[in-house]
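Below is one structure; the comments refer to it alone.
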């Protein structure tokens, strides 16, 4: 009788031991799964640890060489190129840095020809109150700056008017924002230097006089 009792106790003990082993294995497996899930969440939350995450998230910084542009006027060659699905490719930007924005002139290739254009819309992030578009838009012009088309099919920013007005100044002249007539003298303003420079009219000799601005 006692032998049977001891056998039952040992069987029950072994059963409980096996159950505890299975339970510990399950908990360990679940813990490993939880740790792997936490690691995956941490990687997704911090894209810098995984180069493949968020790689092409930032908009372009500026328009430069090989940038594709969309012609938004009704010029014949521009309409034909866009209808064929061949956007214009920039080969030169007429700026000191080689990067362009709204109002800058660019040289492009279109259907085997080289044409100039004025940028009227960009995808890059702009300053406050300056609009940005979904595409990089351009208007074709000739060598004299005359538009090749007669109509623009998209809205253009109001700031483009002042930008083009300041840039349409001959060599050796001053823009209207920098020069103001003051009797027989010219008042030249340099906002960056905060200096007023008076240049005499007829018979002026010597270096111009510089006055420190009090603005």
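Numbering (this note's numbering), first residue to last: 519 to 733.
Yeah, the Cβ is synthetic: ideal placement off N, Cα and C, and Gly gets one too.
Predicted model, so just to flag it, every value in this text is computed and none were measured.
For this session: Following the continuous alpha helix (DSSP H) through residue 678, name the residue where it begins and the one where it ends.
Result: To locate residue 678, count along the chain shown from 1; it is residue 160. That run of the alpha helix (DSSP H) goes 677-685.
Exercise. What first and last residue would you give for the alpha helix (DSSP H) that runs through residue 596?
Worked result: In the chain shown, residue 596 corresponds to position 78, counting from 1. In the DSSP assignment, residue 596 falls within the alpha helix (DSSP H) that extends over 594-601.
Exercise. If you run the structure through DSSP and keep just helix, strand and coil, what is residue 643?
Worked result: Along the chain shown, read from residue 1 onward, the residue named residue 643 stands at position 125. Three-state result, residue 643: coil.
Exercise. Hey, residue 638 and residue 674: beta-carbon distance below 8 Å or not?
Worked result: For the purposes of this step, residue 638 is taken as the residue at position 120 of the chain shown. For the purposes of this step, residue 674 is taken as the residue at position 156 of the chain shown. Contact: yes.
Exercise. Does the stretch 659-675 come within contact of the stretch 591-599, defined as at least 3 CB pairs closer than 8 Å?
Worked result: yes
Exercise. With distances taken between CB atoms, is the gap from residue 656 to residue 677 smaller than 8 Å?
Worked result: Position 138 of the chain shown, counting from 1, holds the residue named residue 656. Position 159 of the chain shown, counting from 1, holds the residue named residue 677. No, they are not a contact pair.
For this session: Buried or exposed for residue 581, please, with buried defined as at least 16 other CB atoms from any protein chain shown within 10 angstroms of its CB.
Result: By one-based count along the chain shown, residue 581 stands at place 63. The residue in question, residue 581, is buried, as its Cβ has 16 or more Cβ neighbours within 10 Å.
Problem set entry | Chain-order list of residues whose beta-carbon lies under 8 Å from that of residue 632 (same chain, five-residue window excluded) | On the chain shown, position 114 is the one that residue 632 refers to. Hits under 8 Å: 609, 625, 626.
Exercise. Identify the residues that DSSP records as bridge partners of residue 631: which are they?
Worked result: Taking the chain shown and counting its residues from 1, one reaches residue 631 at position 113. The partner list for residue 631 (beta bridge, DSSP) reads 628.
Exercise. Whose C-beta lies closer than 7 Å to the C-beta of residue 605 among residues of the same chain, with five residues either side of it excluded?
Worked result: Residue mapping note: residue 605 aligns to position 87 of the chain shown, counting from 1. The answer, listed in chain order, is 586, 587, 588.
Exercise. Between the C-alpha atoms of residue 532 and residue 539, what's the straight-line distance to the nearest angstrom?
Worked result: Numbered from its first residue, the chain shown carries residue 532 at position 14. Numbered from its first residue, the chain shown carries residue 539 at position 21. If you take the alpha carbons of residue 532 and residue 539, they lie about 11 Å apart.
Exercise. Exposed or buried, residue 698, counting other C-beta atoms within 10 Å across all chains shown (16 or more means buried)?
Worked result: Counted from its first residue, the chain shown places residue 698 at position 180. With a pLDDT of 49 at residue 698, under the threshold of 50, the predicted position of this residue should be treated as unreliable, though the coordinate-derived value follows. By the 10 Å Cβ count, residue 698 comes out exposed.
Problem set entry | Residues near residue 710 in its chain [Cβ-Cβ closer than 7 Å; skip 5 each side] | On the chain shown, residue 710 is found 192 positions in, with the first residue counted as 1. Its pLDDT being 39, under 50, residue 710 is placed unreliably in this model, and the value from its coordinates should be taken loosely. Within the same chain, residue 710 has no close Cβ partners at all.
Exercise. Alpha carbon to alpha carbon, how far is residue 663 from residue 628?
Worked result: As a first step, residue 663 must be located in the chain shown, where it is residue number 145. As a first step, residue 628 must be located in the chain shown, where it is residue number 110. Taking the straight line joining both Cα atoms gives about 17 Å.
For this session: Would you mind sorting residue 648 into buried or exposed? The rule is 16 or more other CB atoms within 10 Å of its CB.
Result: Walking along the chain shown from the start, residue 648 turns up at place 130. Result: exposed.
Exercise. Out of curiosity, what's the CA-to-CA distance linking residue 599 and residue 635?
Worked result: On the chain shown, position 81 is the one that residue 599 refers to. On the chain shown, position 117 is the one that residue 635 refers to. Each residue's alpha carbon lies about 14 Å from the other.
Problem set entry | Own chain, CB closer than 7 Å to residue 659, minus 5 neighbours either side, in chain order | Taking the chain shown and counting its residues from 1, one reaches residue 659 at position 141. Counting only Cβ-Cβ distances below 7 Å, and skipping sequence neighbours, we find 634, 635, 636, 665, 666.
Exercise. By a C-beta neighbour count over all protein chains shown, 10 Å radius and 16 as the cutoff for buried, is residue 749 buried or exposed?
Worked result: The question about residue 749 has no answer, for the chain in this structure spans 519 to 733.
Problem set entry | Local conformation of residue 588 per DSSP, three classes | Along the chain shown, read from residue 1 onward, the residue named residue 588 stands at position 70. Note: residue 588 maps to strand in three-state DSSP.
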